[in-house]
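Residue numbers (the numbering used here): 51 to 638.
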């Protein structure tokens, strides 16, 4: 019973592509999953397998959609079977079968079919290896998805469009099978197509067609709308839907060994990773709400050259979609007596832990994302959080040496921060919220014209107004020298803004300093050294000193000895990230 309860958290969906008896008629089937959940499981899987198939062109789009409100983990296994004149092309050694070390494929038992286990080819996968290599001469697949011209003539398409599922019932796992695609029953019996032998009478549930579309490549385009082709709930509950794009594929489909060779910062993202030990292909990221994976399988062509007699070829896709919980993930490894590789478990672990739950953090807490240390600064509200790199050696740049630019916006520092963001792993970029395209309080409106500059003992040219001790830890914003623009310069989420990294302002550093805040002491602010985005006047800028005994660690300073702030300093950078109750999704 315990094992059954663990298996109950798995969403298993099957899709089967069949080439029937000596003809060019291709049929595609998907299978509904058994809803076998224990009553004490609070999370119900909210993934839907999509299977768009066109038998004439061989277009075969297999991918998964998350229609729920929490991230899930996804893996898919593709299995194949082929026979000629009733004899399977894969013949297992009878002795190995008898000893339980091999399985003889049987057409009627799809659980015995041969897993797709490709070999490496450059930075992606190539032809099948192992028992399935016998299919290479006949079954030619295209996996993953490559940018191509949009079928509507709108230019290059970086991610395909799909029609979101019309079945959003969490206890019903009928698949979205379109075109020549077919949804099988859970028993594995072929859907009844007797009313239309070629299986084209879409809309009749008996044929197994559950989703609109003709299954051809690029059928859905920007702005396409559709309603359910089935007239009964749950397939009609959401009415008209508008086509959306899958996520952009970050990297090609690859093997676990290739994934393991990637830099740590690139190992979590939107792409598929195949474990050749078991045949499971893992989505190398959490699949977030309202997202769909890129295509695992994009094209499946079959060659009949030289065949004499009857032939049969089938593909079965088994999808597991589980919640990101310890119990549900453990069921992935215990679901069947498979020899799961340690690297597969490592991949899932990195996916699960690559994105921390920011809403549970305290100001000043440090954490790691894809090989870089960050510091949590503050909760900005509505699931948005301000973070900063935990050391100031991310970039080294002058404040500004660009002629004609007199403030932070468009400065050397602004450009370097944006360039740093553009090189972040995509899994982090997707969670960055847009902020102001141009910050106020970052130009002439923030200037201070009183004759004082620095708190650094080496340049005692003036006194910066401060509150309390230590000196130059917290600025006295009640002092009339501080302009309103300077005091009110805070980064905020702006749907019309831009996603980027940025330097903190003097106002933000001041707000974040003090007991119970991100920088409770001057020493805690040491690693925040570098430029702020706030100018002092047309030739000088504010900065935070790093650990420098002569200057005084973590102090506010105005740079006075580098004309036009041309000096080069290491820099810490900040971003606003979206994290709503642990569900990492930008929402913008």
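All residues carry an ideal CB built from backbone N, CA and C; glycine is no exception.
- [ ] Let me know the alpha helix (DSSP H) ranges lying completely inside the stretch 268 to 343, each 4 residues or longer, listed in chain order.
- [x] Taking only runs of at least 4 residues, the alpha helix (DSSP H) segments lying wholly in the stretch 268 to 343 are 306 to 310.
Open item on the list: Can you list, in chain order, the residues of its chain with a C-beta nearer than 7 angstroms to that of residue 153? Leave out the 5 residues immediately preceding and following it.
Closed with: Excluding residues within five positions, the ones whose Cβ falls inside 7 angstroms are 142, 147 and 162.
Open item on the list: To the nearest angstrom, how far is the alpha carbon of residue 289 from that of residue 324?
Closed with: Rounded to the nearest angstrom, the two C-alpha atoms are 36 angstroms apart.
Open item on the list: Checking 7 angstroms against the spacing of the C-beta atoms, do residue 314 and residue 421 come in under that value?
Closed with: Contact: yes.
Task: Cβ-Cβ separation, residue 413 to residue 568 (assumed contact under 8 angstroms), whole Å - done: Right, the Cβ-Cβ distance comes to about 4 angstroms (below 8 angstroms), so this counts as a contact.
- [ ] Give the secondary structure of residue 128 by DSSP, where H, G and I count as helix, E and B as strand, and everything else as coil.
- [x] Here residue 128 sits in strand by DSSP.
- [ ] Could you check which residue in 549, 438 and 540 has the C-alpha nearest to that of residue 481?
- [x] Of all alpha-carbon atoms in 549, 438 and 540, the one lying nearest the alpha-carbon of residue 481 is that of 549.
Open item on the list: Going by C-alpha to C-alpha distance, which of 450, 305, 362 and 492 sits closest to residue 169?
Closed with: It is 305 whose Cα lies nearest to the Cα of residue 169.
Task: Coil, strand or helix - residue 626 by DSSP - done: In this structure, residue 626 counts as strand in the three-state DSSP scheme.
TODO: With DSSP collapsed to three states, give me the class of residue 418.
DONE: Residue 418 falls in the strand class under three-state DSSP.
- [ ] Figure out for me which residue from 131, 184, 435 and 175 has the closest Cα to the Cα of residue 363.
- [x] Among 131, 184, 435 and 175, the Cα nearest to that of residue 363 belongs to 131.
Task: Whole runs of the alpha helix (DSSP H) within the stretch 428 to 507, excluding any shorter than 4 residues - done: Runs found: 462 to 472 and 476 to 479.
Open item on the list: For residue 406 and residue 123, I'd like the C-alpha separation in whole angstroms.
Closed with: One C-alpha to the other measures close to 16 angstroms.
- [ ] Specify whether the stretch 481 to 500 and the stretch 532 to 544 touch according to this definition: at least 3 beta carbon pairs, one from each stretch, less than 8 angstroms apart.
- [x] By the criterion of at least three beta-carbon pairs nearer than 8 angstroms, the stretch 481 to 500 is in contact with the stretch 532 to 544.
Task: Status (buried if at least 16 other CB within 10 Å, exposed otherwise) for residue 357 - done: Within 10 angstroms of the beta-carbon of residue 357 lie fewer than 16 other beta-carbons, which makes it exposed.
TODO: Kindly indicate which three-state DSSP category residue 563 falls into: helix, strand or coil?
DONE: Strand.
Open item on the list: Under 8 angstroms: do the stretch 435 to 447 and the stretch 619 to 630 share three or more Cβ pairs, one atom per stretch?
Closed with: By the Cβ test, the stretch 435 to 447 is in contact with the stretch 619 to 630, since at least three Cβ pairs between them sit closer than 8 angstroms.
Task: Own chain, CB closer than 8 angstroms to residue 393, minus 5 neighbours either side, in chain order - done: Apart from the 5 residues on each side of it in sequence, residue 393 sits with its Cβ closer than 8 angstroms to the Cβ of 306, 307, 309, 310 and 325 in its chain, given in chain order.
- [ ] Can you grab the Cα-Cα spacing for the pair residue 555 / residue 496, in whole Å?
- [x] In a straight line, the C-alpha of residue 555 is about 11 angstroms away from that of residue 496.
Open item on the list: Let's test the definition: count the other Cβ atoms within 10 Å of the Cβ of residue 606 and tell me whether it reaches 16, buried, or not, exposed.
Closed with: Classified as buried, residue 606 has 16 or more neighbouring CB atoms from the shown chains inside 10 Å of its CB.
Open item on the list: Relative to the C-alpha of residue 334, which candidate in 303, 286, 129 and 178 has its C-alpha closest?
Closed with: Residue 303 is the option with its Cα nearest to residue 334.
Open item on the list: Are the CB atoms of residue 225 and residue 115 within a distance shorter than 7 angstroms?
Closed with: No. Outside cutoff.
Task: Sub-7 angstroms separation of residue 96 and residue 188 beta-carbons - done: For the 7 angstroms CB-CB criterion, residue 96 and residue 188 do not form a contact.
Task: Of the residues 584, 119 and 104, the one placed nearest residue 340, counting alpha carbons only - done: Comparing Cα-Cα distances from residue 340 to each of 584, 119 and 104, the minimum goes to 119.
Open item on the list: Count Cβ pairs between the stretch 559 to 568 and the stretch 469 to 484 that sit closer than 8 angstroms; are there 3 or more?
Closed with: Contact between the stretch 559 to 568 and the stretch 469 to 484 is not established, with fewer than three Cβ pairs separated by less than 8 angstroms.
- [ ] Using 10 angstroms around the beta-carbon of residue 370, count the other beta-carbons present and answer buried if the total reaches 16, otherwise exposed.
- [x] So residue 370 ends up on the buried side.
- [ ] Could you have a look at residue 619 and say whether DSSP puts it in helix, strand or coil?
- [x] In this structure, residue 619 counts as strand in the three-state DSSP scheme.
Open item on the list: Buried or exposed for residue 585, going by 16 or more other Cβ atoms inside 10 Å?
Closed with: In the assembly as shown, residue 585 is a buried residue. Its beta-carbon has 16 or more other beta-carbons within 10 Å.
- [ ] Can you say whether residue 66 is buried or exposed, counting buried as having 16 or more other CB atoms within 10 angstroms of its CB?
- [x] With a pLDDT of only 48 at residue 66, under 50, the local geometry of the prediction cannot be trusted, and no value is derived from it.
Open item on the list: Which residues does DSSP list as the beta-bridge partners of residue 347?
Closed with: Beta-bridge pairing by DSSP links residue 347 to 112 and 193.
Open item on the list: At 3 residues or longer, what runs of the beta strand (DSSP E) sit wholly inside the stretch 211 to 238?
Closed with: Listed in chain order, the complete beta strand (DSSP E) runs (minimum 3 residues) inside the stretch 211 to 238 are 226 to 229.
Open item on the list: residue 167 and residue 176 - do their beta-carbons sit closer together than 7 angstroms?
Closed with: In this structure, the beta-carbon distance from residue 176 to residue 167 does not fall below 7 angstroms.
Task: Close beta carbons around residue 425, own chain, < 6 angstroms, minus the five adjacent residues each side - done: Taken in chain order, the residues that qualify are 416, 438 and 440.
- [ ] Please classify residue 445: is it buried, with 16 or more other beta-carbons within 10 angstroms of its beta-carbon, or exposed?
- [x] The residue is buried, with at least 16 neighbouring Cβ atoms inside 10 Å.
Open item on the list: Taking the beta carbon of residue 164 as the centre, do at least 16 other beta carbons fall within 10 Å, making it buried, or is it exposed?
Closed with: Residue 164 comes out buried.
- [ ] Flag this pair as yes or no: are the beta carbons of residue 103 and residue 230 separated by less than 7 angstroms?
- [x] Taking 7 angstroms as the cut-off, the Cβ atoms of residue 103 and residue 230 count as close.
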